[in-house]
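S.K.: The opening residue of the sequence shown carries number 221 in the numbering used here; numbering runs sequentially from there. Before anything else, here's the structure in question.
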Amino acid sequence: PPDALRVRGLSVSFQMDSGADVAAVRHVDLDVPRGQLVALLGESGSGKSVTARAVMGLAGPGSTVTADEITVAGTDLRTATARQLREYRGTRMSLVLQDALSALNPVLTIGDQLGELFRVHGGVSRRVARARAADLLGTVGIPAPARRTGDYPHQFSGGMRQRILIAMAIALEPELLIADEPTTALDVTVQAQILDLLGSLRTQLDMGVLLITHDLAVVSEVADRLAVMYAGRVVEAGDADTVLSRPSHPYTEALLRSVPQLEHHGADLFTIPGSPPNPARVPAGCPFHPRCHRAVEECSTVRPQPVSLAGRTVACHQSEVMLGEHV
Ligand code: SF4
Ligand code: MG
């Protein structure tokens, strides 16, 4: 089957009040195969959420989206009408955000909110819709689901509400699930449980999952592949084990070093100096060069182009040097 998501050359810019166009995403390529979980990583402001919203057809007012390809399960979204995009949302692709409480309707029971999806899209009776809702709550790990369909969102914990949002996102069996920082508001134990759930759903439902996060610690266990974004571009992408065991971009390396490690506890945690650039003032050459401890002279003038190297794609003048160190 075609990939859940295939993106080539995606660029997204926004018109500022001044009239200037500012690029938030530049020439991004991204693949999410069916049955795999791909982590899209980077600090806030790197363009991850903009990428996700552009794929969903929700880039928003003032945006310009261009791409050579955006296909979801083989369907070309670039030529889709606004009406088709609305129809695809939920049925072919879904987006889960972090704030479950505000995404759920506080005055409707969970059974009614889930059941409504089946009634609208499947034309089934209320009773059948309720039964399916209970099934789905079971699928996402809500205990005693048949007894919970009559409960309201506030009667569930934050973690359980996030499971309910995931249930709503997968109800109509989309091929692609995008989860944008789905666990940020949750404590560490619950975070791990939600990620386990996403991990098991990807295989169980043969769905592609794109997990957006700034936190590498949460993805190393569950991701099949990863793509690291910086200043609107993908700077390193490939098989998760390959990239994490031998990063070949200093930004990936820095993200890894800033993950708390149990065996190093007590040691000072590394933080990347400085902050990501304002999209309106991206440095010349490599956008990471002002923060990069490996920068060489050409880094401030020559933009590194993505190349295939040691099983991944990477854009950095020092990749080969870095890979040499790990041998
Ligand atoms: Fe650092 Fe240069 Fe590589 Fe950019 S191209 S990440 S500045 S070494
Ligand atoms: Mg974001």
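Ideal Cβ placement from N, Cα and C applies to all residues, glycine included.
(1) My understanding is that leucine 397 touches valine 429, with C-beta atoms under 8 Å, so please give their C-beta distance in whole angstroms.
(2) Provide the residue span of the beta strand (DSSP E) that contains tyrosine 471, from first to last.
(3) Spatial neighbours of alanine 279 within its chain, please: CB distance less than 6 Å, with the 5 preceding and 5 following residues excluded, ordered by chain position.
(4) Leaving out five residues on either side along the sequence, give the residues of the same chain with a beta carbon under 6 Å from the beta carbon of histidine 469.
(5) When DSSP labels each residue in this structure, what does arginine 458 get in the three-state scheme?
(6) Is it the case that the CB of phenylalanine 490 approaches a heavy atom of ligand 1 more closely than 7 Å?
(7) Per DSSP, which residues does aspartate 296 bridge with? Please list them.
(8) Would you call aspartate 288 buried or exposed, if buried means 16 or more other Cβ atoms sit within 10 Å of its Cβ?
(9) Assuming the contact rule is C-beta atoms closer than 8 Å, glycine 458 and arginine 445 should be a hit. Round their C-beta distance to whole Å, please.
(10) Is any heavy atom in ligand 1 found nearer than 7 Å to the beta carbon of proline 526?
(11) Here's the rule I'm using: 16 or more other beta-carbon atoms within 10 Å means buried, otherwise exposed. How should glutamate 401 be labelled?
(12) What is the residue span of the beta strand (DSSP E) that arginine 226 lies within?
(13) Taking the straight line between their C-alpha atoms, what separation do you get for glycine 265 and proline 281?
(14) Please list, in chain order, all residues of the same chain as glutamine 304 whose beta carbon is under 6 Å from its beta carbon, the five residues on each side excluded.
(15) Can you have a look at arginine 368 and say buried or exposed, based on whether 16 or more other CB atoms are within 10 angstroms of its CB?
(16) Could you name the residues, in chain order, whose CB is less than 5 Å away from a heavy atom belonging to ligand 1?
(17) With a threshold of 8 Å on Cβ separation, who are the neighbours of leucine 529 within its own chain once the five nearest residues in sequence on each side are excluded?
(18) Could you check which residue in Val258, Leu230 and Asp416 has the C-alpha nearest to that of threonine 291?
(19) According to DSSP, is valine 327 helix, strand or coil?
(20) Given a cut-off of 8 Å on the beta-carbon distance, is the pair leucine 475 and alanine 259 in contact?
(21) Here's a check: name, in chain order, each residue in its chain whose Cβ is nearer than 6 Å to the Cβ of alanine 366, leaving out the five neighbours to either side.
(22) Quick one: measure Cβ to Cβ for arginine 254 and aspartate 426, integer angstroms, because I've assumed they're closer than 8 Å.
(23) Three-state secondary structure (DSSP) at tyrosine 450?
(24) Identify, in the order they occur along the chain, each residue of the same chain with its Cβ nearer than 6 Å to the Cβ of arginine 352, setting aside the five sequence neighbours on each side.
(25) Can you tell me where the alpha helix (DSSP H) holding valine 275 begins and where it ends?
(26) Which parts of the stretch 359-384 are runs of the beta strand (DSSP E), unbroken and 3 residues or longer, counting only runs that do not cross its ends?
(27) Mapping DSSP to helix, strand and coil, what is histidine 341?
(28) For alanine 405, I'd like the list of residues in its chain whose CB is within less than 6 Å of its CB, leaving aside the five on either flank, ordered along the chain.
(29) How many Å lie between glycine 361 and arginine 383 at the Cα?
(30) Quick check on the burial criterion: 16 or more other C-beta atoms within 10 angstroms. Buried or exposed for alanine 500?
M.R.: By the coordinates alone:
(1) Looking up residue 397 in the sequence shown gives position 177. Looking up residue 429 in the sequence shown gives position 209. Indeed, because the Cβ distance is near 5 Å, the residues count as touching under 8 Å.
(2) As a working note, residue 471 is residue 251 in the sequence shown. Judged by DSSP secondary structure, tyrosine 471 falls outside any beta strand (DSSP E) and instead within the alpha helix (DSSP H) spanning 470-477.
(3) On the sequence shown, position 59 is the one that residue 279 refers to. Closer than 6 Å at Cβ, skipping near neighbours: Val232, Arg273 and Val285.
(4) Position 249 of the sequence shown, counting from 1, holds the residue named residue 469. Counting only Cβ-Cβ distances below 6 Å, and skipping sequence neighbours, we find Val455, Glu456, Val534 and Cys536.
(5) For the purposes of this step, residue 458 is identified with residue 238 of the sequence shown, where counting begins at 1. One detail in the question is off: residue 458 reads as glycine in this sequence, not arginine. Here DSSP, grouped into helix, strand and coil, assigns glycine 458 to strand.
(6) In the sequence shown, counting from the first residue as 1, residue 490 sits at position 270. No, Cβ of phenylalanine 490 sits at least 7 Å from all heavy atoms of ligand 1.
(7) Stepping through the sequence shown from its first residue, residue 296 is reached at position 76. Looking at the DSSP output, aspartate 296 bridges to Thr291.
(8) Position 68 of the sequence shown, counted from the first residue, corresponds to residue 288. Aspartate 288 is exposed by the Cβ-count criterion.
(9) The residue labelled residue 458 in the question sits at position 238 within the sequence shown. The residue labelled residue 445 in the question sits at position 225 within the sequence shown. The C-beta separation of glycine 458 from arginine 445 comes to about 7 Å, placing the pair in contact by the 8 Å criterion.
(10) Your numbering for residue 526 matches position 306 in the sequence shown. Result no, Cβ not under 7 Å from ligand 1.
(11) Within the sequence shown, residue 401 is the residue found at index 181, counting from 1. Counting other Cβ atoms within 10 Å of its Cβ, glutamate 401 reaches 16 or more and is therefore classed as buried.
(12) Residue mapping note: residue 226 aligns to position 6 of the sequence shown, counting from 1. Arginine 226: member of the beta strand (DSSP E) spanning 225-235, first to last residue.
(13) Sequence index remark: in the sequence shown, residue 265 carries index 45 (1-based). Sequence index remark: in the sequence shown, residue 281 carries index 61 (1-based). When rounded, the distance between both Cα atoms is 18 Å.
(14) Residue mapping note: residue 304 aligns to position 84 of the sequence shown, counting from 1. Here the set comprises nothing.
(15) Stepping through the sequence shown from its first residue, residue 368 is reached at position 148. It is buried - the Cβ of arginine 368 has at least 16 other Cβ atoms within 10 Å.
(16) Listed by chain position, these are Pro470, Cys506, Phe508, His509, Cys512, Arg514, Ala515, Cys519, Pro524, Cys536, His537 and Gln538.
(17) By one-based count along the sequence shown, residue 529 stands at place 309. Cβ within range, chain order: Ser468, Ser539, Glu540 and Leu543.
(18) Counting from 1 along the sequence shown, the entry for residue 291 is found at position 71. Taking only the C-alpha atoms, the option nearest threonine 291 is Leu230.
(19) By one-based count along the sequence shown, residue 327 stands at place 107. In the three-state reduction of the DSSP assignment, valine 327 falls in the coil class, being assigned neither a helical nor a strand state.
(20) In the sequence shown, counting from the first residue as 1, residue 475 sits at position 255. In the sequence shown, counting from the first residue as 1, residue 259 sits at position 39. Not in contact: leucine 475 and alanine 259 (Cβ atoms no closer than 8 Å).
(21) Here residue 366 refers to the residue found at position 146 of the sequence shown. Excluding residues within five positions, the ones whose Cβ falls inside 6 Å are Ala354.
(22) As a position in the sequence shown, residue 254 is number 34, starting the count at 1. As a position in the sequence shown, residue 426 is number 206, starting the count at 1. Contact holds; Cβ gap of about 5 Å.
(23) Position 230 of the sequence shown, counting from 1, holds the residue named residue 450. DSSP places tyrosine 450 within a strand segment (E or B) once states are collapsed to three.
(24) By one-based count along the sequence shown, residue 352 stands at place 132. Correct list, in chain order: Phe338.
(25) Indexing the sequence shown from 1 puts residue 275 at position 55. Here the alpha helix (DSSP H) through valine 275 covers 268-275.
(26) Within the stretch 359-384, not a single complete beta strand (DSSP E) segment reaches 3 residues in length.
(27) Stepping through the sequence shown from its first residue, residue 341 is reached at position 121. In the structure shown, histidine 341 sits in a helix (DSSP, three-state: H, G or I).
(28) Sequence index remark: in the sequence shown, residue 405 carries index 185 (1-based). The residues are Gln318.
(29) Mapped onto the sequence shown, residue 361 falls at position 141. Mapped onto the sequence shown, residue 383 falls at position 163. Between glycine 361 and arginine 383, the C-alpha separation is close to 7 Å.
(30) Along the sequence shown, one-based indexing puts residue 500 at 280. Classification of alanine 500: exposed, given that the 10 Å Cβ count is below 16.
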